[in-house]
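In terms of the numbering used here, the sequence shown opens at residue 4 and continues consecutively. Presented below is the structure to which this report refers.
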Amino acid sequence: MSDDYLVRIGKLIRDARQHRGWTQSQLAEALATSQSAVNRIERGNQNISLEMIARIGEALDSEIVSLGYAGPMHLRVVGGRRLSGAIDVKTSKNACVALLCASLLNKGRTVLRRVARIEEVYRLLEVLNSIGVRTRWINEGTDLEIVPPARLDMDAIDADAARRTRSIIMFLGPLLHRMDRFKLPYAGGCDLGTRTIEPHMIALRRFGLEIAATEGIYHAQVDHSVTPGRPIVLTERGDTVTENALLAAARHNGTTVIRNASSNYMVQDLCFFLEALGIRVDGIGTTTLTVHGVPHIDVDVDYSPSEDPVEAMSLLAAAVVTESELTIRRVPIEFLEIELAVLEEMGVDCDRTTEYTADNGRTRLVDLTVRPSKLEAPIDKIHPMPFPGLNIDNVPFFAAIAASAQGQTLIHDWVYDNRAIYLTDLNRLGGRLQLLDPHRVLVDGPTRWRAAEMMCPPALRPAVVVLLAMMAAEGTSVLRNVYVINRGYEELAERLNSVGAQIEIFRDI
């Protein structure tokens, strides 16, 4: 490896470390090496193996290099351009990953239509393939076929892929019916602060699951004589917690009542899929779900997950901050009604078509047309609530929208420990955001966006918010290391370019 490459890789590692807020000593501790070794690596004064680069990338949750490619992906954005035309919303990322986990319930062939081809899905497919599940893209790569083995080989699990996605936690529900004991790597994903699995365990213990955590591994043991004799009350109305409880209840030979359940879009899609597997689920769309489980599932099933309301919000925000007229097609309106009500209060000019049905036959869709608007800050603060409240994942987009509005907006992102901190990255682009505490940001608008070069925030939605602000800023911006965006969006740059953006993908190693 040439000295020039060592210097460039060292700079990437230093930038990724600093963006995560780590010292050299903290990175050294994670790598079980010395601070002086990290210092030499970052200065380009030490030979470094691909294995070490991969370990550093895993520790920092940052794609330092990609095998088979020239290096991490960056975006060069020429801003100040108006968008126009129409763009379709892709299928739901969160529904797709839940359905991939749910495919482990079925001994038959599962086909999922129009699956989002994103890094989060690829990581789960790597995990599934490693334990013996056969998957292949069919119908010119638009649909995904999943065929499980007679026996899963959990000892062969791809731990690196598993640690790069928090969705692996949803393997617990299906696996507890398939074996007496198994191991899973700790769940990873976005850097959103401390996330506990205790709400999952409170629900899954009712099915006999116990977990001991040691050295980065969950050691699971199942007592199959334990069954939920009374309703399960979730201590957190979380989406993945509800999904895990549903997945456990699906093959429980009896009736399971789940209370304080999430009724969000991905949960509803999972319920519809379970019905396609022959499982009756009462109360879909409410906070009380009653699951009539079946002990054996062996069917060939074909299911179409619905469109992604968070991607729809991303595209809507892109139109607002670039002051564009844009039609966003296939919007799951049921899961954006609160957001649209807030935007209309702020002055967003938006029309919608009559409702029509998604390919799953259940979800209601509309087409939205957004026009340039004169925005005013909302009277009340922006804060998320469990569905049918304002979606937790849509809160960050209001930072860019509020920065485009006249007046002061308070954003209260109470769910995650530190996601609000990443919203202040907009200040690098001319924003005026004041962090009041780890959960509250005060946004002053309107903003005269300006171009900048910066590292991508390590959290998915704030990363996209930064990209949208770059699209609004006159001049050329660079957003470095956009792996986290690829975790949740399929070909986002190319699709935005199709409606008038100018975003170039490049690599520098």
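Even glycine gets a Cβ: it sits at the ideal position worked out from N, Cα and C. Remember, it's a predicted structure, so these values are computed and weren't measured experimentally.
Quick one: grab the DSSP three-state call for residue i.
i    : result
P188 : strand
T26  : coil
Y306 : strand
M76  : coil
Q411 : strand
D383 : coil
M474 : helix
T245 : helix
Q437 : strand
M173 : helix
S106 : helix
V468 : helix
G111 : coil
I90  : strand
L178 : helix
R58  : helix
G296 : coil
T479 : strand
P351 : According to the sequence as given, residue 351 is Val; it is not Pro. V351 falls in the coil class under three-state DSSP.
K85  : For clarity, residue 85 is Arg in the given sequence; the question names Lys instead. It is coil, neither helix nor strand.
Y419 : coil
T290 : coil
G71  : Bear in mind that a pLDDT of 46 at G71, under 50, signals an unreliable position, so the model cannot answer this.
V427 : A small fix is needed here, since residue 427 is Thr in this sequence, not Val. Note: T427 maps to helix in three-state DSSP.
R453 : strand
C193 : At C193 the pLDDT is 40, less than 50, meaning the model places this residue with poor confidence and gives no usable figure here.
Q21  : helix
Verify whether the separation of the beta carbon atoms of residue i and residue j is less than 7 Å.
i    : j    : result
R422 : D416 : yes
T479 : A496 : no
E326 : G350 : no
I341 : I385 : no
L426 : V373 : no
N247 : L292 : no
I121 : E493 : yes
D305 : R332 : no
V446 : A406 : yes
K110 : D303 : no
A165 : P188 : yes
N500 : I508 : no
F275 : N132 : no
W452 : A466 : no
V468 : P399 : yes
D396 : V334 : no
G433 : A408 : no
C99  : A119 : yes
Span of the beta strand (DSSP E) holding residue i?
i    : result
I331 : L329 to P335
F509 : I506 to F509
V284 : R283 to D285
Going by DSSP, what residue range makes up the alpha helix (DSSP H) through residue i?
i    : result
D370 : Note, D370: premise wrong, no alpha helix (DSSP H); beta strand (DSSP E) at R367 to R374.
R490 : Y486 to G491
M458 : Run containing M458: none in the alpha helix (DSSP H); it sits in the beta strand (DSSP E), E456 to M458.
V41  : Q38 to E45
V446 : Not the alpha helix (DSSP H): V446 falls in the beta strand (DSSP E), residues R443 to G448.
D163 : A162 to R166
R498 : L495 to N500
A322 : P312 to V324
F400 : F400 to A406
M388 : Taken as a continuous stretch (DSSP letters only), M388 belongs to no alpha helix (DSSP H), as it is neither H nor E.
A119 : Element bounds for A119: n/a, residue is neither H nor E.
A206 : E201 to L207
What are the complete beta strand (DSSP E) segments, minimum 3 residues, inside the region 132–159? 137–141 and 146–150
So does the region 89–103 actually touch the region 305–318, counting three or more Cβ pairs closer than 8 Å? yes
Completely contained alpha helix (DSSP H) runs for the region 211–273, where each covers 4 or more residues: 242–253
Should the region 263–276 be regarded as contacting the region 229–247, the criterion being three or more beta carbon pairs within less than 8 Å? yes
Evaluate the contact criterion for the region 468–485 versus the region 45–59: three or more CB pairs, one atom per stretch, below 8 Å. no
Pairs of beta-carbons, one from the region 44–54 and one from the region 13–27, closer than 8 Å: are there three or more? yes
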